[in-house]
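Trainee:
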Amino acid sequence: MGCCASVAGDVQDPTTPVHLKQAVLVTEDFNTLVHNRLRKLNELDATTKVPFILIELTGEGDGEGEIEITGKDEYGVYEELRSFFRDRWGCEEMEAGDETEDTKIPFCKAQFLWPGFAVQGEDGLNNMGKKTMEIIDFMCGTLSWTLAVVNGGNVGENRDVRETQLIFKAPHPMNLVAPHLMVELRSAGFIEICGDLEEEHGDILETLDGYFADRFVAERIDGHEDFCDRYYQAGEDVFKGNSGSLESNFGLLCTNVCDMITQWEGWSLVACNASNYGADGRHSEQQMIFRRDYHPLGDSKYLQVILNALGNIEVNGKHVKEIHSKLDGFLRKKWGCERAGHFSEGEGDQKTICRRYTWDVEDLNMLRATADVVTFFELQGWEIQVASQQQVLEDGTWCREQQLLFRPGRTEVGTVEPHVFVEFYAGEGDPEFFNNEEHTQVLANQNLGPIGVMSMAPPSQSQDIPRQKIRIRGIGPSSEKGRMSPELESVVEELEFQTFVVDYLGGEKDEDCDGLGEDVYHCNVFLCRGKFENNLAQWTMRLCDWMVDRLGWSFIVSSLCNMGDFGQNRLQQVIFRFDGDKRALPVSKSVNPMMESLDPANFPEYWEFEEVLEQREVQRVKACKPDEKAALQELMDHTFKRVLTRDRVPDDDAEDDEEMPYRLEVVHAFRSEHAWLNAMLCDAEMDKEAEDFETKTSTLETLLSGRLKPGEAYLYHGTNPSSAMSILKTGFVLDHAGSATGTMYGAGIYMAECSSKSDEYGRDDGGNTYPSLHAMLVGKCYVGKPYITDKAGDHVPEAQSMGLDCICGDRESKVGTYREFVFFDQRQVYPEYAVIYRRQYDKTKVPPDMVTPTSGTTGRFWQMKVGGDWKNVPPEVNKVLLQATKNGDEEVTITFNDKDYLFNLLEKKGTNIKTGNKVPLRAPMVR
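In this text, residue positions in the sequence shown follow the numbering used here: the first is 23, and each later residue adds one.
#1: Check N148 in the structure and name its three-state DSSP category.
#2: Counting C-beta neighbours from all protein chains within 10 Å, is the total for L928 16 or more, i.e. buried, or is it exposed?
#3: Can you tell me whether H364 is buried or exposed, with buried defined as 16 or more other CB within 10 angstroms of its CB?
#4: Is DSSP giving S761 helix, strand or coil here?
#5: I need the DSSP call for C566, collapsed to helix, strand or coil.
#6: Can you give the Cα-Cα distance for C250 and G589, rounded to whole angstroms?
#7: What is the DSSP secondary structure of N614, counted as helix, strand or coil?
#8: Where does T937 fall in DSSP's three states?
#9: As a quick exercise: from M563, G288, L573, V643, pick the residue whose alpha carbon is nearest that of P853.
#10: Under the assumption that T16 contacts L426 (Cβ atoms under 8 Å), give the Cβ distance between them as a whole number of angstroms.
#11: Please report the distance separating the alpha-carbon of N197 from that of L165.
#12: DSSP state of S835, grouped into three classes?
#13: Nearest to L850 by alpha carbon, out of S877, D786, V873, L737?
#14: Please report the straight-line C-alpha distance between K836 and V895, rounded to a whole angstrom.
#15: Bridge partners for N556 per DSSP, in chain order?
#16: Taking C-alpha atoms, which residue in E707, R861, G175, N624 lies nearest to Y804?
#17: Restricting to Cα atoms, I'd like to know which of E511, Q412, F312, E515 is closest to Q594.
#18: Starting from N900, follow the beta strand (DSSP E) in both directions and report where the run begins and ends.
#19: Apart from the five residues just before and just after K262, which ones in its own chain have a Cβ nearer than 7 Å to its Cβ?
#20: What is the rounded straight-line gap between the Cα of A479 and the Cα of T419?
#21: Rounded to whole angstroms, what's the CA-CA distance from I328 to E336? Just pull it up for me.
#22: Taking 7 Å as the limit between beta carbons, can you name the residues of its chain near K887, skipping five residues before and five after?
#23: Would you mind listing the beta strand (DSSP E) stretches within the stretch 169-212 that are 3+ residues and don't spill past its ends, in chain order?
#24: Express the C-alpha separation of F398 and E680 in angstroms, rounding to a whole number.
#25: Nearest CA to the CA of R377: which residue from G368, R361, L389?
#26: Are the beta-carbon atoms belonging to L573 and S512 less than 8 Å from one another?
#27: Determine the extent of the alpha helix (DSSP H) in which K62 is found, giving its start and end residues.
#28: I'd like to know whether the C-beta atoms of F238 and V260 end up nearer to each other than 8 Å.
#29: What three-state label does DSSP hand N334 in the structure shown?
#30: Just to confirm the assignment: which complete beta strand (DSSP E) runs, minimum length 3, are found wholly within the stretch 516-546?
#31: May I have the straight-line CA-CA distance separating F139 from S727, to the nearest angstrom?
#32: Whole angstroms is fine: what's the gap from K865's alpha carbon to R489's?
#33: One question on the structure: do F456 and G586 come within less than 8 Å of each other, judged by their Cβ atoms?
#34: Can you list the alpha helix (DSSP H) stretches of 4 or more residues lying completely in the stretch 779-826, in chain order?
#35: Apply the 10 Å Cβ neighbour rule to D958 and answer buried if 16 or more other Cβ atoms are within range, or exposed otherwise.
#36: Based on the DSSP secondary-structure assignment, which residues constitute the bridge partners of V888?
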């Protein structure tokens with residue numbers, strides 16, 4: 023069977039089968055096949071909700087570089103990047119090819135010659151880090167896209183050709199204000215800092231000066247401004263050993279830097295990029311990118327695990343929650359590893375441990391090893407944060423190395439979140455074709471040996487390694503017991519992933535694969551031109567599109583490994599996690615008003631953007647000033663009630679048995695000055711007799727109160743951050759209003775007068791993107807004369823027939839919960855503010871008058887009878903019990919607070935295994 027049966031046009035090329043044993047040049051028929059595949063992908067573009075974009079920088083020498091961009095063109099990002107690279111970097115756009123067959127096969131959507139790459143000296147000094155941060159500053163700080171991954175490595179015979187991949191995903195408002203910082207350690211004895219820090223963060227650089235002087239005995243050296251913002255030379259013997267040697271402390275030092283920087287409030291590690299430099303690969307390099315994203319794990323310490331294809335394992339980090347001891351038991355008992363030494367640096371709570379092990383890698387499966395390690399940490403309540411791969415030289419052999427960094431989560435419960443691990447191996451090319459930049463070759467893909475190890479012997483004497491293939495492995499609840507969760511079943515068992523590989527990549531499943539928890543597919547989609555140009559990134563982005571948009575999984579991390587004599591053999595590993603049902607994203611609509619129809623007299627006096635005031639632009643968004651943020655916080659506090667309803671879902675960040683926070687803390691806020699939506703609000707109010715209908719938001723005098731006209735009120739709408747920014751731009755779409763949360767009182771735009779009610783629908787963006795930062799829109803709404811009811815039903819027709827302006831659904835007077843307002847004329851709701859907030863569950867960190875007990879119930883928790891009262895089980899226990907119920911389990915054992923409990927879901931009894939004490943259980947009312 024060939025690869026062509028499932029692609030558009032049914033074009034067959036018998037000379038290029040799936041099981042290709044030797045690389046071949048692209049034929050005319052295969053050229054047609056590839057272009058057909060690319061055209062077929064267009065049918066996926068209409069489903070895009072969370073776009074991804076990948077930018078790859080290649081620095082081949084001083085003044086010689088190239089840039090490639092791939093991913094879908096959403097929000098006009100390609101035109102913005104073209105302007106950036108042409109106007110700021112002096113790049114020249116090249117012909118990348120397109121979907122028409124008379125062009126070369128495109129490996130990307132846009133390609134540039136980059137004359138700005140700079141190198142100096144023999145110790146690896148270059149400006150790749152600085153240029154990487156310039157792109158991050160532009161993509162995040164200007165366009166508001168979210169940095170997801172930075173990876174790459176060094177290629178070429180001397181490992182002196184630098185490659186960096188930056189992956190960004192859907193815009194998030196916090197990117198406009200969140201600073202990023204890169205710290206690069208080089209074992210040659212140098213440290214570099216690059217960052218987009220504003221003046222308010224200037225003390226961070228001074229703090230780092232002191233830290234590097236103390237920990238690295240480093241001296242700051244001026245004169246390197248073209249390469250980084252600050253440059254240091256470390257003291258002698260601070261960096262010990264060569265890359266890959268047992269004496270190397272490079273991983274330990276990197277972990278130290280992570281722990282130090284995340285002590286600062288709100289900062290966390292978002293990406294790392296490991297590589298080595300020099301013909302013998304003796305120098306290690308690590309770029310670490312940090313962001314102030316207010317990660318819920320706070321200053322939790324990092325633990326680094328390095329898996330080496332030659333059989334070495336390295337573990338670095340502080341001994342938090344006995345993790346070193348637990349991991350030691352896992353590696354020795356489960357994997358049969360042997361201890362190979364250890365050392366530590368630092369004293370007291372700053373003591374960092376490095377432990378080494380050897381393991382049997384005769385039948386190396388790095389994908390399985392990675393999944394097994396993540397499973398172990400998940401069972402301990404730890405979460406994977408970032409990953410990176412590289413090729414290192416050990417004892418004359420180049421080998422693959424996988425670096426994983428974990429942090430302790432908020433639970434010790436032994437459960438595993440659903441994860442999917444996908445590995446693309448692009449195969450090997452024919453050396454005869456590498457030196458011709460015009461030759462496009464289909465890489466070979468016959469499975470002949472182990473991935474990841476390459477002898478330094480000449481190619482003719484080297485072991486053959488597997489040719490291009492795709493592998494997938496999943497873990498999830500009960501996967502350690504050999505069972506598959508429903509979420510994994512939909513990807514693997516129900517053939518969703520296979521559909522993608524077969525229908526769009528022309529792949530073929532290996533039915534002879536012995537399984538062992540993973541599926542293998544052979545394919546021929548991976549191509550290359552010359553030594554370094556390839557299309558692996560193109561298909562990586564398409565994988566992300568499929569898993570995120572089609573299947574609803576969250577992208578966690580991607581890591582690239584360049585193997586072979588000069589890094590020509592490419593491997594990409596991508597990890598996804600299921601974070602729950604897809605977040606409802608708003609449907610965008612075009613806003614193309616006739617600008618001359620807008621009356622400037624209706625523009626609010628507090629607007630500031632001249633582009634809007636002079637009607638050169640329809641809308642601009644600005645970060646709120648401190649006084650506006652304070653007013654929004656005051657308003658949200660004033661309208662917050664600790665009243666539970668069944669619309670509130672369990673929150674993983676909740677402490678103990680709390681179902682509701684004590685306060686919603688404003689992290690940042692953004693104000694939209696939108697000429698068209700403001701005009702629509704004015705039109706809706708025209709000729710109406712305003713009535714002063716009191717809302718809870720109108721009973722407090724703040725800076726915002728004076729911005730309202732008669733009949734108006736500020737009301738809330740809970741959502742997620744990227745959706746909030748989209749709604750600021752387009753307004754609400756009445757046709758889709760209520761589609762995510764229901765329509766209790768009829769179709770319309772639902773707003774609330776209490777921040778605590780709208781918080782029930784607040785979400786973060788998922789996928790480790792500013793986790794636990796939720797969004798709430800604060801809209802200027804024309805309430806006028808509402809139709810008031812305390813009964814569910816479609817009241818819109820009656821309210822309209824009576825000439826009333828909206829519906830007030832009053833459940834507060836009937837059952838003590840909340841009032842909601844439903845608008846059936848979208849002109850009456852002007853979304854003015856997007857508030858980014860976090861839930862505060864710590865009662866010691868809120869004003870005393872907000873520390874009150876909850877009333878009402880969500881009905882979503884298992885409960886246990888303690889004394890004479892029914893109380894919710896802790897959220898993490900509830901999560902396991904709900905999953906066990908979903909799986910049809912009769913019993914489940916849970917370790918919580920270092921105690922083992924047996925829960926019998928059939929008999930509804932919970933037992934402390936050690937003491938034998940039993941408590942009755944009660945199932946949730948809402949499931």
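No residue lacks a Cβ here, since even glycine has one placed at the ideal position from N, Cα and C.
A quick note: this is a predicted structure, and the numbers were derived from the prediction, not measured.
Mentor: Concretely, from the data shown:
#1: strand
#2: exposed
#3: exposed
#4: Only weak support is given to the placement of S761: the predicted model assigns it a pLDDT of 47, under 50, and the value that follows is read from those uncertain coordinates. Note: S761 maps to coil in three-state DSSP.
#5: helix
#6: 26 Å
#7: In this prediction, N614 scores a pLDDT of 49, lower than 50, which makes its location untrustworthy; the coordinate-derived value is nonetheless stated afterwards. N614: coil per DSSP, three-state reduction.
#8: coil
#9: V643
#10: In the structure as shown, the chain starts at 23 and stops at 949, and residue 16 therefore has no counterpart that could be examined.
#11: 8 Å
#12: helix
#13: One point to set straight first is that residue 850 is Gln, not Leu, in the sequence displayed. Nearest option by C-alpha distance: L737.
#14: 29 Å
#15: C550
#16: E707
#17: Q412
#18: Note, N900: premise wrong, no beta strand (DSSP E); alpha helix (DSSP H) at 897-909.
#19: E269, S270, N271
#20: Its pLDDT being 34, under 50, A479 is placed unreliably in this model, and the value from its coordinates should be taken loosely. Looking at the two C-alpha atoms, the distance is approximately 9 Å.
#21: 5 Å
#22: V941, P942
#23: 183-191, 202-208
#24: 28 Å
#25: R361
#26: yes
#27: 50-62
#28: yes
#29: strand
#30: 540-544
#31: 53 Å
#32: 57 Å
#33: no
#34: 818-823
#35: For the chain, the structure presents residues 23 to 949; residue 958 sits outside this window and is missing.
#36: D891
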